[in-house]
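Undergrad:
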Amino acid sequence: MVLCNAENFNKICQSIQIKDPKKIDIKKIPVLLNQTHDGSVPGFYSSLVGIVTKENKQHLLGSSPEEKAFVRQWLDYAVTTVNYVDLPNVSRQVLKDINVTLGDRTFLAGNVQSLADIVLYHLLFKAVSNLTLQEKEQFLHLSRWYNNLQQDSNIRGSNSTLTFSRTLLF
């Protein structure tokens, strides 16, 4: 199953708090109606960028040229690689790649949350929720990032809150 689909598209739109969700009816975006043979949605990344721009939420695309490039690279990575994270050999590599990247930054494109973080949060939900506590500890930076994002109820949406530590702090 691919993850750049209509369901995740709608979850991401809800996470970025579209003022009038009826304006973003995927049935009105012709390219999103034409799923490919594997169920993915062509135009996933470019449609999200267009919606963010139209809704005046350009801060989610980065503030500096470097951040903007990182956001777009991560969105491209989401469509070309993370889209297939439900395959075991792809899953481990994606989690490793993200974990290494987050070793020296708070968010994927730097120190400010971006559209790339929100998209990857939703696309990785099943993969991260299937990790054991020991595996989550192996992906320390990924776990910190994911736990940080899920604390925002707008981003988390209908997803359940995942546990990342066996130690309860009082």
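Counted from 1, the sequence shown has number 153 at position 153 by UniProt numbering; the numbering is strictly sequential.
Each residue gets a CB set at the ideal place from its N, CA and C atoms; glycine is no exception.
1. For a test of the three-state rule: what should DSSP assign to residue 110, helix, strand or coil?
2. Count Cβ pairs between the stretch 90–103 and the stretch 43–60 that sit closer than 8 Å; are there 3 or more?
3. Would residue 152 be called buried (16 or more neighbouring beta carbons within 10 Å of its own) or exposed?
4. Between the beta-carbon of residue 129 and the beta-carbon of residue 102, is there less than 9 Å?
5. Below 9 Å between beta carbons: does that hold for residue 118 and residue 18?
6. Closest to residue 187 by CA distance: which of 76, 139, 81, 83 is it?
7. Just tell me which of 144, 58, 159, 44 has its CA closest to the CA of residue 106.
8. Less than 9 Å between the C-beta atoms of residue 127 and residue 85, yes or no?
9. Check whether the Cβ atoms of residue 82 and residue 142 lie closer than 9 Å to each other.
TA: With the given structure in hand:
1. Numbered from 1 along the sequence shown, position 110 holds the residue referred to as residue 110. Strand, per DSSP.
2. no
3. Residue 152 sits at position 152 when you count from the first residue of the sequence shown. Result: exposed.
4. In the sequence shown, the residue the question calls residue 129 occupies position 129. In the sequence shown, the residue the question calls residue 102 occupies position 102. No, the pair does not count as a contact, with Cβ atoms beyond the cut-off.
5. On the sequence shown, residue 118 is found 118 positions in, with the first residue counted as 1. On the sequence shown, residue 18 is found 18 positions in, with the first residue counted as 1. In this structure, residue 18 does not lie closer than 9 Å to residue 118 by Cβ.
6. The first residue shown for the chain is 1 and the last is 170, placing residue 187 beyond what the model contains.
7. Position 106 of the sequence shown, counting from 1, holds the residue named residue 106. Here the closest residue by C-alpha is 144.
8. Against the sequence shown, residue 127 aligns to sequence position 127. Against the sequence shown, residue 85 aligns to sequence position 85. Yes; because the gap between Cβ atoms is below 9 Å, this pair is in contact.
9. Locating residue 82 in the sequence shown gives position 82, counting from the first residue. Locating residue 142 in the sequence shown gives position 142, counting from the first residue. Contact: no.
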